[in-house]
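Numbering (my numbering), first residue to last: 945 to 1605.
Note that the Cβ used here is the ideal one computed from N, Cα and C, for glycine as well.
Because the structure is a prediction, the values reported are computed rather than measured.
Remarks on the structure that follows.
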Amino acid sequence: MRRVTLVAAALAGVALVILLLGRGGGAGMAADAVATPGAPDAQPPTAADSFEPELGLPAEDVVAFGHGAGASWAYGRLGPAPVTVDGRQYSDQYALLEHPDGGEEWQIVPLPEAAAGKPLAPSGDGEALTPAIYGSLAGEATPAGGVALLSGQSIAIRDPGQQPYVVPGTSTPSTPSTVTAGAGASDPETVPLEPGESLLPPAPQAAGAVTVPYAAIEEREGRTGVLIAPHDDGGGQSGAGEPEHQPGVLHWDGRVWTREPIAVGEAQGQHFRALAISCAATAAPQSSAAQSCWLLAGYGAGATPENLRLYRRVATSAPPGWSWQAQPVASWLLGGEAPPQSASPVSVSPLAQGAQMLTATAQGVWVDLQMRVRGEAAAIDVSQLVSPPGGEAGQRAGVAGTWCHPTIEGVCEAPLGGAFPSGYRSFAWPGSAPQEAGGDIGTRVITGLAYGAMLELSDGGFREEVGGGGEPAGGAALYRASPQAPVEGVIAYGERGANNGLDDEGQSPVVQLTARPAGDELHEEAVPFRHLLLAVAQAPETTPGDPGAEALAVGLNGQVGRYLPGEGWEPEALYNAKHEAQSTVNLRGVAWPEANRAYAVGDRGQMWMWMRETGYWVPDPAKPFNFTGNLNAIAFDPANPQLGFAVGKQGVILKYGKSWE
C-alpha cells in the first residue's frame, strides 16, 4: 500500500504565550456531563473523554467520515508542496488519510489516477470533481477496514489492506456503460443504469448540500462493496408522476455491477425518490449484515416528498439475489397510521439535503425527519428508532422511541436536545440488552452542532454535550469498543468554505476524542516576570521540550528570562554602553545558534547579543549602521550557525554571515 507517515510538524509565525496550568489537569477539555443517579449507563458516552487538538497534519481541509479495523478515516487536500509516497510525489489533489487508534501520526493513502494519468480528485479549478462537494458524507468505512469515497462522478474503493481503485464505470455521468471490471474480474461488465439516471448527481453541488443514498458493505473474499441508489432513480416521471423504469439499488460487489429492484407500490411510485441508505454491522466485529440494510424513500404529488417510506434489503431466490421490500412500521409517522388527534393535521418531510437521515445498527435503524403538526408552518425535527420485525410473516417493525425538537406533548416521548445541524454525522451503537419493556436502546452521538458540540443519547434521553470548539464539527470518525466503553475517535470538520478549512494558526481544525489522554505536560511554575513574553529559544543541540535544557525568553519592556534546569526561570537585563538597564525595549524574536552566543531582535532596530563569557546582553555590534526596521523573528541554520536571518515589517530581511546585511 502506498503510504507516507508525517514525521514532524513545522510551527510557523512564532508567537509564544506561556500558560500556567494547575498540576494534575487533563491535556484536553473534558466533555461536560451530569450523571443520572441509579441509571445503568448514567453518563453520556463521551463523559470520560477529552478533546485533544491534532497538530502537524499532512493535509488541509481534513474531513473525517468513518472508522474500521482499528483506524479512523478521513480525506484531505494535499497542498502545492509535493508529498512523496513510495517514491512518487503527490500535490494539489485530495487523498485518503488514515489515523490508527492510539497513534499520533496520520498516514496518507493516495487516491488512484483518473483518465490520462490525471489526479482523481484535483485541487483548485476542479473542486466540483473532489469529495468536498459531498461534505462529511463523501466517505464511508466498514468495520473490516474497507473504504468507499465519492469524488465528483467517481467512486474510489479501498479493500482492507489494499490500494484504492476506481470502481469501473463511475466516471460516466449518465446512460448504461460498458466498462472493464476491476478487482480480479476479466470480463466486461455493464453499469445497470436506466435512461435518464446517473450514478451520482451530474451537476456540481454546494459543498455538503447533497445526500447520496449509498452505503459501503463487506463482500466475499475480503472485498468492499457499495450499494447506491442512482440519481433520478427510475428515470423521468410520467404525467402522473410515476417512474418510467422500476427504481433499483445498484450493487458493486467488488467485481461486477448488479441492479436490485425496489418493490415500489402504486401509491409510493408517485414522484418516488430514494433519500438515504444505511447498513448495520453484525454482532461479529469484523463483518456486516447484508440483510440489515435500510433505505429511506420519499414520494408524493409535489416536487418535495410529502410522505416517507422505509425499505429493507431482502434475500430472494431470483437473480440478482436481493430486492428491497417496503417495511411496514407501527408508526403514524412512517406507517401511514392516523396521527394523534391532538397533533392533527400532520405532515412529514425529509430533512434538507446534506443530512444523513439514516443510521443503522444491529438493533434497528434511526430515521431522522421533519414534521409539521396542527397545520403550523414551523418544522419539528424528529428521530425515531425503528426495530426490525419478528419472524412472523407480515409483522410490522416496531418503534423503540420517538424524540423531537422542540418537544410536542402527546407526540414525542422525549426531547431530541436540539435541532439537526446541516451536514451532521450520526453514529449509533446497539444496547447490551433487549429493547423490550425498558431494555437498553443503545447510544448515539450526532456531531455538527455549533462550536463542535454534540447531541448524545444516554439513559434514554438526548442532551447537548460540549465539543472541541471551533466551527461546527460535522465530519467525524467515532467508534465504541463495547457498550460500556466510552466513545472515541476523530472529529475533523475542515470543509472548504468554513475559514477555508483552517483555524487561526493555519491548521485544519481536527481534535481527537479520547478516554486515554496523553497527560498534561504543562505545570504551574512561579516566574519572576512582570511583562509579556513573546518568543522562546532552547539551548542548541538539545532535544526540543527537554526539561533539562536551558532556554531563553524575551518580550516587552526589556523583559528577558533564562531557564536554568533544576533552578527555574531567572530574569536578566539589557545593558547599554554605560551599563544602564534598558526597560523600554520591545523584543519579539530570539535565537540561540551556539552555546556561547544568542541573539534577540525587536522594534525600531533593536538587535541584542548575549555572550556566555560575560553573561551580559549588549547591543549587537554587527547591526547595520542606522538600521531602524521593526524585526519580528530571527533564526539560524542548525547545520551552520554562522548563517542566520531576521525578518520584520515592510518586508525587511537581514542576513547574517559574520555581520548583518
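Looking at the secondary structure, which residues open and close the beta strand (DSSP E) in which residue i lies?
i: S1035; result: Taken as a continuous stretch (DSSP letters only), S1035 belongs to no beta strand (DSSP E), as it is neither H nor E.
i: W1554; result: 1551 to 1555
i: Y1255; result: 1251 to 1259
i: K1599; result: 1597 to 1600
i: C1356; result: C1356 -> no beta strand (DSSP E), and no H or E assigned at all.
i: Q1482; result: 1477 to 1482
i: A1436; result: 1432 to 1436
i: F1009; result: 1004 to 1012
i: V1471; result: Where V1471 is concerned, there is no enclosing beta strand (DSSP E), given that its DSSP letter is neither H nor E.
i: I1172; result: 1168 to 1172
i: H1349; result: 1342 to 1349
i: G1083; result: 1083 to 1085
i: M1301; result: First-last for M1301: undefined, no H or E at that position.
i: D1325; result: 1324 to 1331
i: P1563; result: 1561 to 1563
Should residue i be labelled buried (16 or more other beta-carbon atoms within 10 Å of its own) or exposed?
i: S1261; result: exposed
i: P1108; result: buried
i: T1303; result: buried
i: N1584; result: exposed
i: K1602; result: exposed
i: D1490; result: exposed
i: A1018; result: buried
i: E1468; result: exposed
i: P1146; result: exposed
i: Q1503; result: buried
i: S1035; result: exposed
i: I1597; result: exposed
i: Q1051; result: buried
i: G1209; result: exposed
i: T1558; result: exposed
i: T1572; result: exposed
Could you tell me the alpha carbon to alpha carbon distance between residue i and residue j, rounded to whole angstroms?
i: F1569; j: P1075; result: 55 Å
i: P981; j: S1067; result: Note that P981 scores a pLDDT of 34, beneath 50, so its modelled location is shaky and nothing firm can be said.
i: V1111; j: F1406; result: 39 Å
i: N1574; j: Y1395; result: 37 Å
i: Y1519; j: P1472; result: 19 Å
i: E1605; j: A1539; result: 23 Å
i: G1441; j: R1556; result: Confidence at G1441 is low in this model, with a pLDDT of 43, below 50, so its placement is unreliable and no value can be given for it.
i: S1016; j: E1049; result: 12 Å
i: L1055; j: Y1038; result: 7 Å
i: P1249; j: G1433; result: 35 Å
i: Y1243; j: S1327; result: 19 Å
i: A1092; j: G1047; result: 23 Å
i: P1044; j: H1349; result: 36 Å
i: H1011; j: V1545; result: 48 Å
i: S994; j: A1296; result: 31 Å
i: P1563; j: Q1550; result: 8 Å
i: E1292; j: V1193; result: As written in the sequence, residue 1292 is Val, which differs from the Glu given in the question. Looking at the two C-alpha atoms, the distance is approximately 24 Å.
i: A1483; j: T1114; result: 56 Å
i: T1168; j: A1082; result: 16 Å
i: K1062; j: Y1158; result: 26 Å
i: Y1437; j: E1057; result: 26 Å
i: G1152; j: I1172; result: 18 Å
i: T1487; j: T1528; result: 33 Å
i: R1199; j: A1207; result: 25 Å
i: L1289; j: S1222; result: Leu is not the amino acid found at residue 1289; the sequence shown has Pro there. The straight-line gap from Cα to Cα measures roughly 30 Å.
i: P1272; j: V1258; result: 14 Å
i: T1124; j: L1064; result: A caution first: T1124 carries a pLDDT of 35, below 50, which makes its placement in the model too unreliable to give a value.
i: L1607; j: L1073; result: The chain is shown from 945 up to 1605; residue 1607 falls before or after that span and cannot be answered.
Just to confirm, is the Cβ distance from residue i to residue j under 8 Å?
i: M1301; j: A1220; result: yes
i: A1479; j: V1455; result: no
i: V1389; j: A1397; result: no
i: G1023; j: L1041; result: no
i: V1431; j: L1399; result: no
i: L1143; j: V1135; result: yes
i: G1418; j: Y1368; result: yes
i: I1578; j: A1590; result: yes
i: I1496; j: A1542; result: This sequence places Leu at residue 1496; Ile is not what is there. Result yes, Cβ atoms of L1496 and A1542 sit closer than 8 Å.
i: R1203; j: A1241; result: no
i: E1408; j: G1345; result: no
i: A1013; j: A1100; result: no
i: V1343; j: L1329; result: yes
i: V1029; j: R1102; result: no
Looking at the C-beta of residue i, does it have a partner C-beta in chain D at a distance below 8 Å?
i: G1502; result: Protein chain content of the structure displayed is limited to a single chain, and chain D is not contained in it.
**Q.** the stretch 1523 to 1540 touching the stretch 1507 to 1514, judged by at least three CB pairs closer than 8 Å
**A.** no
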